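Trainee:
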Amino acid sequence: MRTYLDHNATTPLRPEVRAAMIDAMDVVGNPSSVHAEGRKAKALVEHARAQVADFVGCTPSQVVFTGSATEATATAIHAFRASAGYICSDGEHDAVLALRSSDLAFGLGPDGLIRFGEGFDFEALGPLGQAHAFAVQAANSETGVLQDVPGTLDYLRQRLPEHCRYLCDAVQAWGKMPLKFDDLRCDVALISAHKFGGPKGVGALILRKGLDDLEHAPLIVGGGQEMGRRSGTENLVGIAGFGVAAECAGRDVQGGAWDRVAELRNILENALEVHANKTIFVGKSAARLPNTSCILTPGWKGETQVMQMDLSGFAISAGSACSSGKVKASRALLAMGFSPEDAASAIRVSLGLGTTEEEVLRFADAWGAKLKKHQSRAA
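Positions 1 to 379 (UniProt numbering) are the ones given, in order, by the sequence shown.
1. With burial defined as no fewer than 16 other Cβ atoms inside 10 Å of the residue's Cβ, what is the status of serine 83: buried or exposed?
2. Go ahead and label serine 61 buried or exposed: buried means 16 or more other beta carbons lie within 10 angstroms of its beta carbon, across all protein chains shown.
3. Which runs of the alpha helix (DSSP H), 4 residues or longer, sit entirely within the region 203-272?
4. DSSP three-state call for alanine 50: helix, strand or coil?
5. Let me check understanding here. Comparing Cα to Cα, which of Ala240, Phe106 and Gly210 lies closest to glutamine 137?
6. Return the bridge partner residues of serine 376 from the DSSP annotation.
7. Indicate whether at least one CB of chain B lies closer than 8 Å to the CB of alanine 262.
8. How long is the line joining the alpha carbons of arginine 49 and phenylalanine 242, rounded to whole angstroms?
9. Just the C-alpha distance for aspartate 310 and histidine 132, rounded to the nearest angstrom, thanks.
10. Report yes if the C-beta distance between serine 293 and aspartate 111 is below 8 Å; otherwise report no.
11. Tell me where the alpha helix (DSSP H) around residue 428 begins and ends.
12. Short check: CB of valine 45 to CB of isoleucine 206, under 8 Å?
13. Give the DSSP-derived three-state secondary structure of serine 83 in the structure shown.
14. Would you tell me roughly how many angstroms separate the C-alpha atoms of valine 274 and alanine 193, rounded to the nearest one?
15. Report the residue from Leu211, Gln375 and Asp148 whose alpha carbon sits nearest the alpha carbon of leucine 184.
16. Starting from the Cα of valine 282, find the closest Cα among Ser330, Glu303 and Gln308 and give me that residue.
17. Can you tell which of Thr233, Ile280, Val306 and Val17 has the C-alpha that lies nearest to the C-alpha of lysine 42?
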């Protein structure tokens, strides 16, 4: 029997989403065509756009569909950046970090929150002091730590140029907590359908009203789809599933479904502490996603734990799934002050709405048994 505890990597497809996608497969037309079949396809796209807009709290015209949140990131940065580039923290997703024009980044405190430091000298940023964009996560995918996005951006707006744009990677936050676009006070936010029961291969940009950067400098050009902001024939099946997933996720959040998941996360951590009193739960002193536990067990490599737990029937990860296969310590954990050795021991357990207490306790027992064997071999 397999137990899936890697919901931050991706989530199971909701039955309602699967049904909507199957129905969309029978829609023949191209959304750009003017005939009846094309209009039917276009109506399906616009209905999904309205569903996503309602979920994030914006108007439909502010939603731009893309092929993924990674593509959405590249699209926004392409539109925003000039010779001055952009800046971010060391805890950002690789999709953000890989596009920087400099290795300079703001650090993180031991709780995972961005630390600018007293008297931070923005003049010392040099050309980056004239940055065209700043990127910040709403929630870290590895630790689950929630950033104070509006507070951070308000702080930066007083210190960075007026033309600076602010991007929020809210991919891990949507669908797990009450959140609306205007709450973030950013120019652009990212969202990905497969993080809350939707299909893989479809994401979106949520744009501030009046923002026209993407129209002037789109990353993908061609037929002018998505209001000229992202060309290419729309992924009709994926977008239909995205809309239904957003609608379902909104109901779950409003109904308090994640409160029980937070309880299970706490039960898990308490059970793990029984087996290992030296275990570190990263970001426990900060506000976290309700489903995420990042666990450090110094001396026991995270990748080894992942393989051993996989053989025991549990799917977990040693960090962001987008970085899987790369044997390296987490940049976010290093930025929080952990040593490379301790950071290399990290695993991430991320629960879902279908996770049960029995599964959580069974995992804790299996993990504890593997830890005991590891300790006996190391003795």
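Cβ atoms here follow ideal geometry from the backbone N, Cα and C, with glycine treated the same way.
Since the structure is predicted, the reported quantities are computational estimates derived from the model, not experimental observations.
Mentor: Looking at the coordinates:
1. Only weak support is given to the placement of serine 83: the predicted model assigns it a pLDDT of 42, under 50, and the value that follows is read from those uncertain coordinates. Label assigned to serine 83: exposed.
2. exposed
3. Those alpha helix (DSSP H) runs which fall completely within the region 203-272 and span 4+ residues are 213-216 and 236-254.
4. In this structure, alanine 50 counts as helix in the three-state DSSP scheme.
5. Phe106
6. Answer is none; serine 376 lacks a bridge partner.
7. Any reference to chain B falls outside this structure, which holds one protein chain only.
8. Taking C-alpha positions only, arginine 49 is separated from phenylalanine 242 by approximately 9 Å.
9. 44 Å
10. no
11. In this structure the chain extends from 1 to 379, so residue 428 is not present and cannot be described.
12. no
13. Confidence at serine 83 is low in this model, with a pLDDT of 42, below 50, so the placement of that residue should be treated as unreliable; the coordinate-derived value is given next. Three-state result, serine 83: coil.
14. 37 Å
15. Of the listed residues, the one whose Cα sits closest to leucine 184 is Asp148.
16. Ser330
17. Ranking Thr233, Ile280, Val306 and Val17 by CA distance to the CA of lysine 42 puts Thr233 first.
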